[in-house]
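2 protein chains.
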Amino acid sequence: MITSEIIAVGSELLTPEKTDTNSLWLTETLNEIGIEVMLKTIVGDDELRLLETIKDALKRSDVVITTGGLGPTEDDLTRQIAAKALGKELVFRQDIEDGIRERFKKMGREMSETNRRQAMVIDGSDVLKNDNGTAPGLLYEEDGKYLIVLPGPPRELKPMFTEQVVPRLKDLAEDFVVKRRIIGVSGMGESVLDELVAPIYTQYSDVRTSILFNKTHVEIHLYLKAENGDEANAILEEMTAKMADALGIAVFTTKGESMEEVVGRMLFERGQTVSTAESCTGGLVGRRFTEVPGSSKYYMEGAITYSNDSKMKMLGVSAETIENHGAVSSQTAEEMAVGIRERSRTDFGISITGIAGPDGGTDEKPVGTVFVGYADANETRSIKLTVPGDRYLVRWRTSQAALDYLRRQMLKQRGRDKV
Amino acid sequence: MITSEIIAVGSELLTPEKTDTNSLWLTETLNEIGIEVMLKTIVGDDELRLLETIKDALKRSDVVITTGGLGPTEDDLTRQIAAKALGKELVFRQDIEDGIRERFKKMGREMSETNRRQAMVIDGSDVLKNDNGTAPGLLYEEDGKYLIVLPGPPRELKPMFTEQVVPRLKDLAEDFVVKRRIIGVSGMGESVLDELVAPIYTQYSDVRTSILFNKTHVEIHLYLKAENGDEANAILEEMTAKMADALGIAVFTTKGESMEEVVGRMLFERGQTVSTAESCTGGLVGRRFTEVPGSSKYYMEGAITYSNDSKMKMLGVSAETIENHGAVSSQTAEEMAVGIRERSRTDFGISITGIAGPDGGTDEKPVGTVFVGYADANETRSIKLTVPGDRYLVRWRTSQAALDYLRRQMLKQRGRDKV
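Heads up: the protein sequence lines correspond to chains X and H, in order.
259 is the number that the working numbering gives to position 259 of the first sequence; each next residue is one higher, with no gaps.
605 is the number that the working numbering gives to position 186 of the second sequence; each next residue is one higher, with no gaps.
Here is the structure:
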């Protein structure tokens, strides 16, 4: 098995505000060609620690990838320290300097003298062209070990890696491929889910199965490393089908799609339309519907009715309903759903009213109390939810539950249509 | 200076889907008590690599923190490998087992035999009580070096660290405190900004200044490590004031607030209200307004008018305007802003219409063409933006620009009121 390590370089990555996102993308891309990532390190602009980290990595892994630290300033150490770790010199390449100078010229600027550093390369390494920035990458190979030095900005790193590195590593790792599946499950707790699928995944010992909480749902991740991609896919298909069977309607995707993609696809395929009326989610459901390209085909309009007044004016909720049952009630939710559906003339109306917190909760209706309403041509329904978490989570989980409620109603409707 | 390293343990952290968020929180908490994080490592459930990583870390850093890998299964190696790295034995502690058994009992369950592993501790270490899970943490100290072993789940790790680890490390690092400021700047590119503030930050060589792109704006991060917290704060205040002066209205916060918090605070303080009409952002601006607790005081309602029909029906945009100028035009944006303001009877109406892509662009109005409309009691205005990026970024940047447009108009209005 070919093993790899990723070293992200840069002091800003050691502050609380910055995460290293390159390594997620690199992991995925390496996994696809059958290379496993065994370790990730984040190191600041610190000579000794960086040197030690690169040296250690070269000792234990086949492919070592560094990201960042290739800028023109003195803080940018990666080029020089990588050379040191290999026991090599840096050599100046006139053609690279010419390229950088040309790049600046095109932007109507003069190349700064500091940029000459970027024309230094590790002796004996291959230069990886950078079409989106000034710093070229470097690839050094010796005795089947690789040190690959990449720039930090994702729009420079990604095309460079895909076009110039992957083709070379692919041959290296041709014996293995990694295949994955992500099954999204909604409205079911982790332990119940585990009980239902454990009898399945325990039969597939080659497949690594993880059950992961997401903020709004649970995901089953299947991961299989195999010599033959088609066989691996067949095994994962079989396993996925069994799991979907065991979990029933709670499975909303077997392809890692988001809930809004799934519901959007269902609406599009049936040529049906939807509109939304949101109170405590304040536009989040509308935003999620419209996140999907092409959503204008089925998502018509939404009302964000935050005040009682706007619930009455925009949606025609009656003053008596709010008076007698409150703005957070099944009655208000249902009138909101009917109201938005009628005024938008869509097939479905979906509504949300609830208490997202941190204030506004009462003994009877604590923070997290939410009603989701549904209306179609024939019926009006609602459900009450008690959503755990802070304001942010209550809103996200509610938006997921509302999309899922529509999905389930549509599946039931199809069931009825068939009869 | 006291240096630290964080080692996150768990194979799931080496997949493309999972990020290590604990380390961000730990970095922030350590920084606050003057301890700098020099390196972060993510390692899988792999004995040899984990052993090497912990050993190396202990050689070069004063405080080494591991997170995760304390579960009851055989995969959970941290306890055992940490002991090995220190050259110590694991010893069984009956009182811990009793505690775990008690915990299970309270939940009406039997303790599984595998949980007995969690009662093994490194000989000579202090046990860190876990009120939110079964695995206790461990703190081992020798010759001023610390190895701190923490559970992975954030709700177990955070209180344990705050209550039981910080008080001990604080003494260690009492000579230093770290203070930060985050200045948010909107509507100004990084290079222009740098030109304006470089004359300021170059005068403060002790303060680390970083200029960072965020997806919607630019942030200036100031970071100062000093012996005296009050003096450090005074220096940062002075520097912040100079920068705010140099950058003018483009600075929307000097306290790291989000744009929706800033605009929300302004509305709240003035007792004014706002409503929104969104097309291509599909509810994102409403969602951002209502993300802030207490927003019901100033955010009244929103219309998500995705179709032309709904722009006419919900907002009273005239058919002629759409016919003559198109749905994506300054005229439509202004009629939308006036329409939502009138029907919600708010002080301000804000509208957005544009092309978020990937489809729908034309030569004349390419993807990223967006109009933001504004209406108050006295005037109606709009701006045209050309927003770079994919659908996701176009929508985010547009929502930021719309909030910022309102902020700037409100500041101007105040200017006029004063005259």
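Beta carbons are placed, not taken as given, at the ideal position from N, Cα and C, and that holds for glycine.
Checklist entry - Going by C-alpha distance, which of X/Gly108, X/Ile122, X/Ala232 and X/Thr29 is nearest X/Lys463? => result Because chain X is modelled from 1 through 419, residue 463 of chain X falls outside the range shown and cannot be assessed.
Checklist entry - Ends of the beta strand (DSSP E) at H/Phe580? => result Premise fails: H/Phe580 is in no beta strand (DSSP E) and is neither H nor E.
Checklist entry - chain X beta carbons: is any one of them nearer than 8 Å to that of H/Lys831? => result No, its Cβ sits nowhere closer than 8 Å to a Cβ of chain X.
Checklist entry - By Cβ distance below 6 Å, which residues in the same chain neighbour H/Tyr623 in space, the five residues on each side in sequence not counted? => result Met658
Checklist entry - Applying the criterion that 16 or more other CB atoms from any shown protein chain within 10 Å of the CB defines a buried residue, is H/Asp649 buried or exposed? => result exposed
Item to check | Rounded C-alpha distance that separates H/Gln819 from H/Gly758 | outcome: Approximately 22 Å between the Cα atoms of the pair.
Item to check | CB contact below 8 Å: H/Phe687 versus chain X | outcome: Judged by the 8 Å Cβ criterion, H/Phe687 is not in contact with chain X.
Checklist entry - Alpha carbon to alpha carbon, how far is H/Tyr811 from H/Asp728? => result So the alpha carbons of these two residues sit roughly 25 Å apart.
Checklist entry - Relative to chain X, which residues along the stretch 712-731 of chain H have a C-beta separation below 8 Å, given in chain order? => result Pro712, Gly713, Ser714, Ser715, Tyr718, Met719, Glu720, Gly721, Ala722, Ile723, Thr724, Tyr725, Ser726, Asp728 and Ser729
Item to check | Residues that H/Asn450 contacts on chain X, provided the C-beta gap is smaller than 9 Å | outcome: Thr15 and Pro16
Item to check | Same chain, Cβ closer than 8 Å to X/Lys170, five either side skipped, listed in chain order | outcome: These residues qualify, in order along the chain: Ile33.
Next on the checklist: Does any residue of chain X have a CB that is nearer than 8 Å to the CB of H/Leu703?
Outcome noted: yes
Item to check | As assigned by DSSP and simplified to three states, the class of X/Arg381 | outcome: strand
Next on the checklist: Just to confirm my understanding: we take H/Arg816, look at its own chain, exclude 5 residues before and 5 after, and list those with CB closer than 6 Å. What are they?
Outcome noted: Thr635 and Val806
Checklist entry - Does X/Gly10 come within less than 8 Å of chain H when only Cβ atoms are used? => result Interface residue (Cβ-Cβ distance to chain H less than 8 Å): X/Gly10 is not classified as such.
Next on the checklist: Using a Cβ-Cβ distance cut-off of 8 Å, determine whether H/Phe708 contacts chain X.
Outcome noted: Closer than 8 Å to some Cβ of chain X, the Cβ of H/Phe708 qualifies, so yes.
Checklist entry - CB H/Asn549 to CB H/Glu582, shorter than 8 Å? => result no
Checklist entry - What span of residues does the alpha helix (DSSP H) with H/Ile421 cover, start to end? => result Run containing H/Ile421: none; DSSP gives neither H nor E here.
Checklist entry - Should H/Pro570 go down as buried or exposed, given a rule of 16 or more other Cβ atoms within 10 Å for buried? => result buried
Next on the checklist: Please classify H/Leu643 as buried or exposed, where buried requires at least 16 other C-beta atoms within 10 Å of its C-beta.
Outcome noted: buried
Checklist entry - With which residues is X/Lys40 paired in a DSSP beta bridge? => result X/Ile6 and H/Ile461
Checklist entry - Looking at H/Val791 and H/Ile802, is the spacing between their C-beta atoms short of 8 Å? => result A Cβ-Cβ contact shorter than 8 Å links H/Ile802 with H/Val791.
Next on the checklist: Here's the rule: buried if 16 or more other CB atoms are within 10 angstroms of the residue's CB, otherwise exposed. What is X/Lys418?
Outcome noted: Because X/Lys418 carries a pLDDT of 49, less than 50, the predicted location of this residue cannot be relied on, and the following value inherits that uncertainty. By the neighbour-count rule (16 or more Cβ atoms within 10 Å), X/Lys418 is not buried but exposed.
Checklist entry - Once you ignore the five residues that flank H/Ser625 on each side, which residues in its own chain have a CB closer than 7 Å to its CB? => result The question names Ser, yet the displayed sequence has Asp at residue 625 of chain H. Cβ neighbours of H/Asp625 beyond the five flanking positions: Leu643.
Item to check | Cα-Cα separation, X/Glu5 to X/Met160 | outcome: 18 Å
Checklist entry - Quick one: which chain H residues come within Cβ less than 7 Å of X/Met314? => result Glu720
Item to check | Cα-Cα separation between X/Thr134 and X/Ile100, rounded to whole angstroms | outcome: 6 Å
Checklist entry - Between which two residues does the beta strand (DSSP E) harbouring X/Arg117 extend? => result Premise fails: X/Arg117 is in no beta strand (DSSP E) and is neither H nor E.
Item to check | Integer-rounded CB distance, given that H/Pro586 should sit under 8 Å from X/Pro358 | outcome: About 28 Å separates the two Cβ atoms, so there is no contact after all.
Next on the checklist: Less than 8 Å between the beta carbons of X/Glu301 and H/Met733, yes or no?
Outcome noted: yes
Checklist entry - Unbroken alpha helix (DSSP H) runs of length 4 or more, entirely within the stretch 68-141 of chain X: which are they? => result 78-86 and 94-106
Item to check | Contacts around H/Ile500, its chain only, beta-carbon distance under 7 Å, and the 5 residues preceding and following it disregarded | outcome: Glu466, Leu469, Leu470 and Ile473
Checklist entry - Near H/Arg627, which residues of its chain fall below 7 Å by C-beta distance, leaving aside the five closest residues on each side in sequence? => result Tyr642
Item to check | Among H/Thr422, H/Phe632, H/Glu688 and H/Thr724, nearest to H/Val704 - alpha-carbon criterion | outcome: Cα-wise, what sits closest to H/Val704 is H/Thr724.
Checklist entry - By DSSP, does H/Lys837 sit in helix, in strand, or in coil? => result Below a pLDDT of 50, predicted positions are generally treated as unreliable, and H/Lys837, at 49, falls in that range; the measurement from the model is reported next regardless. If DSSP states are grouped into helix, strand and coil, H/Lys837 belongs with the helices.
Item to check | Contacts of X/Ser186 in chain H (Cβ-Cβ under 7 Å) | outcome: Annotation: X/Ser186 has no Cβ neighbours in chain H at a cutoff of 7 Å; minimum Cβ distance is about 17 Å.
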